[in-house]
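In my numbering, the protein residues as written are 1062 to 1326.
Built from N, CA and C at the ideal position, the CB exists for glycine as well.
Note that the structure is a prediction, hence the values are computed from the model and not measured.
Heads up: the structure comes next, in structure tokens.
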């Protein structure tokens, strides 16, 4: 079957500025609609999720900042990002968290024939995730799963993956490689593959497969999810949070007060 020409999905909402990252003013229902229509029309491109860690990486690394700013959508993935949107006049913005969007899109596309491919995480995780999603959403079409090695893919592996995408032609390619690896991967490769839309959802694979405990909703809404995750993964996350969180608060406050301007480039 020949590739379907790219369609014309609805336009993306305006972006607000988070330390030089343009984040789309979204809600979960609006993001779900835009993602489903982009996958349905095979519009191409990729979706990023901006939290404190991603915004901090972008502040240090202009390449990562460019990946976020060139996305089809960059969502407000963390509550601090949502609060910054509200302070900039985007009062309707709410959190669009990677795991929540994955579930919402799967629910919306079950039984439609639009297929999903899951790439990333440790061996077995993507398969467990796909199995859980198919049980939860009867009629969900899963085109395939793949757990890549913990290193950059060589040319042969990239060619194999490209052939897999050409053969399976998923509407949605969900990528769980962590930030900033997954954003670079999507920016460099998604336009070369016959994929409707790529989405870098990071730890969503671990959470939704049941391998890692997810914070209760009230903790997520409070903006203290990082405390929950730090308690459960101190060795891995303590260096990240100690480096990023205090600096983010200072820079965000300076931006809001007009002391520092961060152009979106």
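Mapping DSSP to helix, strand and coil, what is residue i?
i, result
"residue 1035", "Since the first and last residues shown for the chain are 1062 and 1326, residue 1035 lies out of range."
"residue 1142", "helix"
"residue 1137", "strand"
"residue 1236", "strand"
"residue 1127", "helix"
"residue 1260", "strand"
"residue 1109", "strand"
"residue 1089", "helix"
"residue 1121", "helix"
"residue 1084", "strand"
Can you list, in chain order, the residues of its chain with a C-beta nearer than 7 Å to that of residue i? Leave out the 5 residues immediately preceding and following it.
i, result
"residue 1137", "1084, 1087, 1111, 1143, 1146, 1154, 1156, 1157"
"residue 1165", "1089, 1093"
"residue 1097", "1166, 1169, 1170"
Apply the 10 Å Cβ neighbour rule to residue i and answer buried if 16 or more other Cβ atoms are within range, or exposed otherwise.
i, result
"residue 1305", "buried"
"residue 1326", "exposed"
"residue 1293", "exposed"
"residue 1316", "buried"
"residue 1243", "buried"
"residue 1109", "buried"
"residue 1314", "exposed"
"residue 1160", "buried"
"residue 1318", "exposed"
"residue 1217", "exposed"
"residue 1288", "exposed"
"residue 1215", "exposed"
"residue 1278", "exposed"
"residue 1115", "buried"
Spatial neighbours of residue i within its chain, please: C-beta separation below 6 Å, excluding the five flanking residues on both sides.
i, result
"residue 1270", "1186, 1189, 1190"
"residue 1176", "1202, 1204, 1231, 1232"
"residue 1255", "1064, 1226, 1227, 1230"
Can you tell which of the options has its C-alpha closest to the C-alpha of residue i?
i, options, result
"residue 1174", "1149, 1198, 1314", "1198"
"residue 1252", "1287, 1277, 1101, 1107", "1107"
"residue 1101", "1069, 1192, 1079, 1123", "1069"
"residue 1182", "1211, 1278, 1246", "1211"
"residue 1196", "1209, 1172, 1273", "1172"
"residue 1310", "1123, 1159, 1074, 1141", "1141"
"residue 1192", "1209, 1299, 1266", "1266"
"residue 1264", "1135, 1241, 1280, 1119", "1241"
"residue 1213", "1095, 1200, 1249, 1178", "1249"
"residue 1239", "1321, 1260, 1120", "1260"
"residue 1272", "1135, 1116, 1184", "1184"
Could you check whether residue j and residue i sit closer than 9 Å to each other, using their CB atoms as the reference points?
i, j, result
"residue 1258", "residue 1076", "no"
"residue 1262", "residue 1237", "yes"
"residue 1131", "residue 1105", "no"
"residue 1124", "residue 1301", "no"
Whose C-beta lies closer than 8 Å to the C-beta of residue i among residues of the same chain, with five residues either side of it excluded?
i, result
"residue 1324", "1081"
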